[in-house]
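Protein chains in written order, with this note's numbering: chain C, 1 to 208; chain H, 209 to 416. Don't be surprised by glycine CBs; every beta carbon is placed ideally from N, CA and C.
Number of protein chains: 2
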Amino acid sequence: MAPLTLHEDPRSGNCYKIKLTAALLGLPLEVRGYDITKGETRTPEFLAKVNANGRIPVLQIGKGEGALFLPESNAACWYLAHGSALIPADRFAQADMLRWMFFEQYNHEPNIATLRFWVSIVGETNLSDDQRRALPAKRAGGDAALALMDDHLAHRAFFCGDAVTLADIALFAYTHVADEGGFTLGDYPHVTAWIARVHALPGFVPMQ
Amino acid sequence: MAPLTLHEDPRSGNCYKIKLTAALLGLPLEVRGYDITKGETRTPEFLAKVNANGRIPVLQIGKGEGALFLPESNAACWYLAHGSALIPADRFAQADMLRWMFFEQYNHEPNIATLRFWVSIVGETNLSDDQRRALPAKRAGGDAALALMDDHLAHRAFFCGDAVTLADIALFAYTHVADEGGFTLGDYPHVTAWIARVHALPGFVPMQ
Numbered sequence: 001m002a003p004l005t006l007h008e009d010p011r012s013g014n015c016y017k018i019k020l021t022a023a024l025l026g027l028p029l030e031v032r033g034y035d036i037t038k039g040e041t042r043t044p045e046f047l048a049k050v051n052a053n054g055r056i057p058v059l060q061i062g063k064g065e066g067a068l069f070l071p072e073s074n075a076a077c078w079y080l081a082h083g084s085a086l087i088p089a090d091r092f093a094q095a096d097m098l099r100w101m102f103f104e105q106y107n108h109e110p111n112i113a114t115l116r117f118w119v120s121i122v123g124e125t126n127l128s129d130d131q132r133r134a135l136p137a138k139r140a141g142g143d144a145a146l147a148l149m150d151d152h153l154a155h156r157a158f159f160c161g162d163a164v165t166l167a168d169i170a171l172f173a174y175t176h177v178a179d180e181g182g183f184t185l186g187d188y189p190h191v192t193a194w195i196a197r198v199h200a201l202p203g204f205v206p207m208q
Numbered sequence: 209m210a211p212l213t214l215h216e217d218p219r220s221g222n223c224y225k226i227k228l229t230a231a232l233l234g235l236p237l238e239v240r241g242y243d244i245t246k247g248e249t250r251t252p253e254f255l256a257k258v259n260a261n262g263r264i265p266v267l268q269i270g271k272g273e274g275a276l277f278l279p280e281s282n283a284a285c286w287y288l289a290h291g292s293a294l295i296p297a298d299r300f301a302q303a304d305m306l307r308w309m310f311f312e313q314y315n316h317e318p319n320i321a322t323l324r325f326w327v328s329i330v331g332e333t334n335l336s337d338d339q340r341r342a343l344p345a346k347r348a349g350g351d352a353a354l355a356l357m358d359d360h361l362a363h364r365a366f367f368c369g370d371a372v373t374l375a376d377i378a379l380f381a382y383t384h385v386a387d388e389g390g391f392t393l394g395d396y397p398h399v400t401a402w403i404a405r406v407h408a409l410p411g412f413v414p415m416q
C-alpha cells in the first residue's frame with residue numbers, strides 16, 4: 001500500500017477513529033498535526049491542497065504529485081479496512097454496519113462530540129449565546145443516542161454481532177470520552193461493558 | 209431478492225433517495241406511508257418493530273417473522289446497490305463515494321433539508337424561537353455545502369467522475385428541491401447542470 005499520512009488534530013475523536021482502525025489492522029500511519037482552534041485547517045494552502053471543506057481528519061494516500069486526499073473520518077476508515085474482517089462481507093451486515101456509521105455522524109457526533117468540544121476544549125465561559133442556548137437540546141440528543149446504543153448492546157457484544165467492525169470504532173471514539181462533555185456513562189451499563197470490550201481488542205491504542 | 213418495503217413519508221428526500229436508487233436499478237419496492245408531522249413514527253409499535261430511533265426511512269427486507277429492518281437512508285441505498293455499478297469497485301473510489309455520502313449527512317442535510325422542512329412543511333410562522341434563531345447559521349451552512357459541490361462539479365459530470373454513483377443520488381435528493389428552503393440554485397451553475405444530468409438518467413423517477 002502507498003504510504004499513509006493522517007492530517008489531524010490529536011484532540012479530535014474523528015481523527016482517533018482512523019488511528020484506531022490503522023492500529024487494529026497493523027497499518028503504519030504518519031501523522032501531521034493541526035490546531036483547529038487556531039484556524040490551521042482554514043488556510044488557503046490547506047483548502048487548496050488537503051480539503052476544500054476546511055476540516056480534519058483527512059487521510060492522504062501516497063506522497064507528492066499523485067497523492068490522493070480523503071476527507072470524512074468514516075470514509076477514511078472504510079478505505080483502510082477495505083477487504084478486512086472489520087467490514088463484514090454479507091450484504092445486509094455491511095449495510096447495517098454503515099447504518100450505525102451514518103447514525104454516528106447524524107445523531108451522535110453533532111451532540112456528544114460537540115458538547116465535549118464546547119465544554120472541555122473551548123470552555124463553557126467562552127461559549128457564544130447561541131451555543132449556550134443550544135446546550136439543552138444537544139444534551140438531550142446525546143442522551144437519546146446513548147440510550148439507543150445501550151438498548152442495542154443489551155443483546156450483542158458489538159454493534160453488528162459477535163465481532164468488532166467499523167461501526168464500533170466509529171461509535172467508540174466520542175462515546176468513551178463522553179464524560180468530558182458532561183454525560184454520565186455510568187447510566188448506560190451495556191455501553192460501559194462494550195467500551196471495556198473495545199479496550200481489550202488486540203492492537204488497541206488509546207486516544208491521546 | 210426478498211420483497212422490499214420502504215417505510216416512508218413521501219415528502220422526505222431521505223426516503224426519495226431509496227426510491228430513486230431502486231428505480232435506477234429496476235428493483236420493485238412497496239411503500240408504506242407515515243406522516244412525520246403527526247408523530248406516526250414515534251408510536252410504541254413503530255419504535256418496537258420498525259426503528260427504535262423513531263425515524264423514517266426504514267428499508268424492510270422480507271416479510272413476517274424473519275423480516276430485517278434497515279434505518280438510515282444512505283445505508284439502505286448501499287444495500288440495494290450492493291454489487292451494482294452504482295457502487296464503484298475500486299478501493300479509493302468506493303471510499304471517496306462514501307466521503308460524499310457522509311458529507312451529505314453531516315454538512316448538507318442538517319442545513320438544506322432542515323430549512324426546506326421548516327420553510328415549506330412546518331411553515332415559517334410556526335417555527336419556535338430556537339428554530340428562528342438557527343435560520344441564519346443553517347442558511348450559511350447550506351450555501352457553503354452548495355458552493356463546495358459547485359466547485360467539485362466544475363470539472364466532473366458526477367461526484368465520483370464520469371458515471372453516476374450513490375453519492376449523486378444521496379446529494380441530489382435535497383439539492384434539487386433546495387429552492388423550497390429558500391436557496392437560490394441559479395447561483396450554482398455546475399450544480400444546476402448536474403441536476404439536469406441526473407434527471408436524464410435511464411430509469412429516473414421524480415420526487416412526489
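Query                                                                                                                                                              : Result
In chain order, what residues of the same chain lie with their CB nearer than 8 Å to the CB of H:Trp286, ignoring the 5 residues before and after it?              : Ile295, Leu374
Could I get the ranges of all uninterrupted beta strand (DSSP E) runs contained in the region 98-171 of chain C, with 3 residues as the minimum, in chain order?   : none
Does the count of Cβ pairs from the region 375-384 of chain H and the region 339-349 of chain H closer than 8 Å reach three?                                       : no
Kindly confirm or deny that the region 196-208 of chain C and the region 20-30 of chain C touch, where touching means at least three C-beta pairs closer than 8 Å. : yes
Please list the terminal residues of the continuous beta strand (DSSP E) segment that includes C:Arg32.                                                            : 30-33
Residues of chain H with CB under 7 Å from C:Tyr79, in chain order?                                                                                                : Arg299, Phe300, Ala303
For C:His199, which residues does DSSP report across the bridge?                                                                                                   : None, per the DSSP bridge assignment.
Are H:Ala368 and H:Asp298 touching if we call contact CB-CB under 7 Å?                                                                                             : A small fix is needed here, since residue 368 of chain H is Cys in this sequence, not Ala. No.
Can you pull the chain H neighbours of C:Gln105, defined as C-beta to C-beta under 7 Å?                                                                            : Phe310, Gln313, Tyr314
Less than 7 Å between the C-beta atoms of C:His190 and C:Ala154, yes or no?                                                                                        : yes
Does the distance from the C-beta atom of C:Tyr16 to that of C:Met207 stay below 7 Å?                                                                              : yes
Restricting to Cα atoms, I'd like to know which of C:Gly182, C:Pro3, C:Leu70, C:Ala193 is closest to C:Asp151.                                                     : C:Ala193
Is C:Phe46 near C:Gln60, with beta carbons less than 7 Å apart?                                                                                                    : no
Do the CB positions of H:Leu237 and H:Leu214 come within less than 7 Å of each other?                                                                              : yes
Quick one: is C:Asn126 buried, meaning 16 or more other Cβ sit within 10 Å of its Cβ, or exposed?                                                                  : exposed
Chain C beta carbons: is any one of them nearer than 7 Å to that of H:His290?                                                                                      : yes
Have a look at C:Asp9 and H:Val239 and give me their C-alpha separation to the nearest angstrom.                                                                   : 44 Å
DSSP three-state label for H:Thr400, please.                                                                                                                       : helix
Under a Cβ-count criterion, where at least 16 other Cβ atoms within 10 Å of its own Cβ denotes burial, should H:Ala321 be classed as buried or exposed?            : buried
Indicate the three-state DSSP secondary structure (helix, strand or coil) for C:Gln209 in the structure shown.                                                     : One cannot answer for residue 209 of chain C here, as it falls past the ends of chain C, which runs 1 to 208.
Let me see if you follow: with CB-CB separation under 7 Å, is H:Arg219 close to chain C or not?                                                                    : no
Name the chain B residues that come within less than 8 Å of H:Arg341, Cβ to Cβ?                                                                                    : The structure shown contains no chain B; the protein chains it does contain are C and H.
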